[in-house]
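The structure under discussion appears below in the form of structure tokens.
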Amino acid sequence: MWGHQAWKGSFFPAKTPAKQFLNYYSRYYTAVEGNTTFYALPSQDTVKTWIASVPADFRFCFKVPQLVSHKLGLEQGRAEFESFLEVMAPIIESEQLGKLWLQLPPYFSFKQFTLLEAWLNDYSRDLPFAVEVRHPDFYAKGEAERCLNRLLMDHKVDRVMMDTRPVHSEVAVPGADNHEAIQDAQSKKPKLPVHLLSTGNNPTVRYVGTMDLENNRPFIQNWLKPMKAWLDEGKQPYLFVHTADNASIHDLVELWLDMLTEYLGYRPYQDKAWPNQGDQGLVDNQPSLF
0 MWGHQAWKGS FFPAKTPAKQ FLNYYSRYYT AVEGNTTFYA LPSQDTVKTW
50 IASVPADFRF CFKVPQLVSH KLGLEQGRAE FESFLEVMAP IIESEQLGKL
100 WLQLPPYFSF KQFTLLEAWL NDYSRDLPFA VEVRHPDFYA KGEAERCLNR
150 LLMDHKVDRV MMDTRPVHSE VAVPGADNHE AIQDAQSKKP KLPVHLLSTG
200 NNPTVRYVGT MDLENNRPFI QNWLKPMKAW LDEGKQPYLF VHTADNASIH
250 DLVELWLDML TEYLGYRPYQ DKAWPNQGDQ GLVDNQPSLF
């Protein structure tokens, strides 16, 4: 997501219209997790508007429509996927496509593995995929997970590492302002193990943090060593940060960067002011973290 009304006046200038959210977002961040395509197909004119709103080095990581991944089950959704690619062609041709995010449903188990295998055989050569699995088969460290990891490595496809431990550690206190947001997030985000494994060149981390900023520290600490290893290997991670209500995620991003900077000995991301504060333009030449 690249916009939230709660960001106006803090991250965005107070009077920023919704149509300018992406432009302001891209002044600070270099990539975005695009959930909008999961739910509905945009028009190609809208896609062109998105491209015109961001700098050339910005990367979109759009989700494959749920019509393809969930409702039609990959094999039966190929025609719809081709239609999706036609609509997204301007981004693909502009080389601003970071990843096509294939989020598979929780009922997609090892029994359907051959469908994913056929899909990647046909599409991954020309398109940069990241795959997110949610069935316990693929987290049990058995044959299913070994086959999945080998398939992704063979195709240089990134496995999405989703860390929901923080949000599931929160207590939804009845009557509190964040009660409903926490309950909603906990009901929607799967409670699965976190396996720190990079199967491609862009380790993709989806971190769902606690709304209390300081409570994130021990969870982020677990990521510092693998992040350093990936950067040292010349890989370029994608880090996407969420909370239950996403209202204060920019403070959480700053905490991530501060902890990484202290651990690495250099700041792994271009040092900018938030869009509502102006751009300081301080840049280093170290490996970049999206």
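Numbering that gives the first Met the number 0 puts the first residue of the sequence shown at 0, with every later residue one more than the last.
In this text, a Cβ means the ideal position worked out from N, Cα and C, and glycines have one as well.
Query: Cβ-Cβ distance between Lys190 and Thr209 below 9 angstroms; Result: no
Query: Residue span of the beta strand (DSSP E) that contains Phe37, given as start and end; Result: Segment Thr35 to Tyr38 is the alpha helix (DSSP H) holding Phe37; no beta strand (DSSP E) there.
Query: Short Cβ contact (9 angstroms threshold) for Cys146 with Phe107; Result: no
Query: Counted within 10 angstroms of its Cβ, other Cβ atoms place Glu169 as buried (16 or more) or exposed; Result: buried
Query: Which of helix, strand or coil DSSP assigns to Leu254; Result: helix
Query: Euclidean distance between Cα positions of Phe20 and Asp244; Result: 17 angstroms
Query: Contacts around Val31, its chain only, beta-carbon distance under 7 angstroms, and the 5 residues preceding and following it disregarded; Result: Trp1, Tyr24, Phe59 and Cys60
Query: Alpha-carbon to alpha-carbon, Leu40 and Lys70; Result: 15 angstroms
Query: Touch test, the region 235-249 against the region 206-220, Cβ-Cβ under 8 angstroms, three pairs minimum; Result: yes
Query: Secondary structure of Lys140, DSSP reduced to three states; Result: coil
Query: Same chain only: Cβ atoms within 6 angstroms of Phe10, ignoring 5 sequence neighbours per side; Result: His249 and Trp273
Query: Minimum C-alpha distance to Thr328 - residue among Lys224, Asp136, Lys227 and Phe239; Result: This structure gives no information on residue 328, because the portion of the chain shown stretches from 0 to 289.
Query: Residue range of the alpha helix (DSSP H) that includes Lys187; Result: His178 to Lys187
Query: C-beta atoms of Pro236 and Asn201 nearer than 9 angstroms; Result: yes
Query: One or two residues paired with Met161 in a DSSP bridge; Result: Arg205
Query: Pairwise C-alpha distance: Lys7 and Phe218; Result: 28 angstroms
Query: Length of the line joining the Cα atoms of Lys155 and His134; Result: 21 angstroms
Query: Exposure label - Lys140; buried when at least 16 CB within 10 Å; Result: exposed
Query: Start and end residues, beta strand (DSSP E) containing Glu131; Result: Phe128 to Glu131
Query: Neighbourhood of Val282 by C-beta distance below 8 angstroms, restricted to the same chain and skipping five residues each side; Result: In this prediction, Val282 has a pLDDT of 29, which is less than 50 and means its spatial position is unreliable; what the coordinates show is noted afterwards. Result list for Val282: Gln269 and Asp270, in chain order.
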